Structures are given as structure tokens and as C-alpha cells.
Amino acid sequence: MTPTILLLVALILPFFIVIVSGAPYLPTRRRQVEQALDMLKLKPGQTLLELGCGDGIVIVIAAKRGIKVIGYEVNPFLWFIAWVRTRKYRKQVQVYWGDFWSKPFPSSTDAVYVFLIDHFMGRLHKKLLSEIKKCKKCIKVASYTFSIPDKKPEEQKGAIYLYKYSP
Ligand SMILES: C[S@@+](CC[C@H](N)C(=O)[O-])C[C@H]1O[C@@H](n2cnc3c(N)ncnc32)[C@H](O)[C@@H]1O
75 MTPTILLLVA LILPFFIVIV SGAPYLPTRR RQVEQALDML KLKPGQTLLE
125 LGCGDGIVIV IAAKRGIKVI GYEVNPFLWF IAWVRTRKYR KQVQVYWGDF
175 WSKPFPSSTD AVYVFLIDHF MGRLHKKLLS EIKKCKKCIK VASYTFSIPD
225 KKPEEQKGAI YLYKYSP
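If you read the sequence shown in our numbering, its first letter stands for residue 75, the second for the next number, and so on.
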């Protein structure tokens with residue numbers, strides 16, 4: 075393989091690998107982000123964890139509301155864009171490059187935001203159940219487009235499903 079082809083493969087591969095790890099990249103629309111944040115009802119200073127934060131759009135909108143945000147993104151290019159885009163909020167935002175399935179939830183987590191694909195919602199439910207056991211407080215979860223199987227949402231508005239996990 076020529077260096078150009080190698081470079082192209084290296085650039086494109088992370089966008090496809092995520093199909094087997096969570097979801098391909100597609101940003102949540104601004105209005106839907108506002109809707110999800112309204113439903114989560116986080117106060118300034120509370121912490122939102124975003125699993126697969128893409129280009130950082132959700133983080134920026136949440137940070138503008140005074141919410142602390144921790145984001146994980148496995149695609150190095152998107153991680154870099156999110157990191158640059160959120161630099162102005164560095165005191166309240168942390169963006170990590172990595173696979174969120176292998177990361178424990180930070181103890182400060184008050185809410186989780188996800189936009190994955192249907193196939194991974196069952197696995198997400200198991201992850202949330204295992205993480206909530208270690209928590210002392212409830213965690214609210216907002217999922218865009220896809221519902222969690224076998225779990226009744228507390229609320230649904232448009233394409234946002236809101237869930238509550240209690241320890
Ligand atoms: C549908 S996009 C949503 C992006 C962002 N949450 C939003 O709503 O605008 C899903 C994102 O999750 C990332 N992702 C998928 N699997 C992941 C994993 N296992 N760990 C971290 N990020 C992952 C993808 O790279 C992609 O950026």
C-alpha cells in the first residue's frame with residue numbers, strides 16, 4: 075500500500091469501526107439537544123456524562139447552561155474537534171479519547187446523554203445497571219432516537235427518551 079492510501083485508510087477507518095462499538099458519527103440537532111437538556115433538568119454545577127460525544131455539540135450547549143460535562147469519544151479526529159471546540163469551557167468540561175464501555179462512570183455523574191444505535195441499547199442498559207450499583211444517587215439518562223429495551227421511560231418528548239436509574 076502506498077503512503078497516501080495508508081493515510082486515507084487511517085483517516086476513514088475510525089468512522090467505520092464505531093459501527094461495531096456504539097454508533098457511527100451523526101450529531102444531534104441543536105433543538106433536540108436543548109430538548110434533552112430541558113428534560114434532564116440539570117442545575118448549573120451538576121455533571122452530565124456523554125457517551126460518544128462526537129464533535130462536542132452537546133457539550134458546548136450544556137456548558138453554556140453552566141453544566142459540567144465529561145465526554146468520551148473513541149474516534150481520534152472527532153475527539154480532537156470536540157476538545158478544541160470546548161477549550162473555552164475547560165474548567166467545567168473534560169473530553170477524553172477512549173471507549174466508553176470500558177470506563178467506569180465518574181462518581182460525580184448526575185445524568186447521561188447518549189445517541190447510539192438500536193443494537194447497543196440493551197448493552198447500554200446492562201452498563202447502566204452495573205454502574206448504578208456503585209452510585210449513591212439516581213442517574214437520569216436521555217437517549218436520542220433509540221429507546222432502552224425492557225425499560226419504561228419516565229418521559230418521552232419527540233425523539234428523546236428520558237430514563238431514571240436508581241441505586
Ligand atoms: C451518533 S454519534 C452522536 C454524537 C454526539 N453524542 C451527538 O449526539 O451529537 C455517536 C458517537 O459515538 C462515538 N462512539 C461510538 N462508539 C463509541 C465507544 N465505544 N466509545 C466512545 N465513543 C464511541 C462515535 O464515534 C460517534 O461520534
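C-beta: ideal position from N, C-alpha, C; glycine also.
Here the structure is a predicted model, which is why all the values come from computation and not from measurement.
Which term fits residue 89, buried or exposed, when burial requires 16 or more other beta carbons within 10 angstroms of its beta carbon? Exposed, since its Cβ has fewer than 16 Cβ neighbours within 10 Å.
Using only the alpha-carbon positions, how far apart do residue 108 and residue 163 sit? Spanning the two alpha carbons is a distance of roughly 18 Å.
Limits of the unbroken beta strand (DSSP E) element including residue 121: 121-125 is the span of the beta strand (DSSP E), which, as asked, contains residue 121.
Give every residue of the same chain whose Cβ lies closer than 7 Å to the Cβ of residue 102, excluding the five residues on either side of it in the sequence, and list them in chain order. Cβ within range, chain order: 131, 132, 189 and 218.
Residue 197: which of 209, 211, 175 and 206 sits nearest, CA to CA? Checking every option, the nearest Cα to that of residue 197 belongs to 175.
Just how far apart, CA to CA, sit residue 105 and residue 165? The C-alpha of residue 165 is placed about 25 Å away from the C-alpha of residue 105.
With residue 147 as the anchor, note down where its beta strand (DSSP E) starts and where it stops. Per DSSP, residue 147 belongs to the beta strand (DSSP E) from 142-147.
Restricting to Cα atoms, I'd like to know which of 178, 87 and 114 is closest to residue 204. Nearest of 178, 87 and 114 to residue 204, Cα basis: 178.
Residue 228 classed as buried or exposed, judged by whether at least 16 other C-beta atoms fall within 10 angstroms: Result: exposed.
Could you check the C-alpha separation between residue 99 and residue 125 for me, to the nearest Å? Here the alpha carbon of residue 99 sits roughly 12 Å from the alpha carbon of residue 125.
How is residue 191 classed by DSSP in three states: helix, strand or coil? Here residue 191 sits in coil by DSSP.
So for residue 129, helix, strand or coil by DSSP? Correct three-state label for residue 129: coil.
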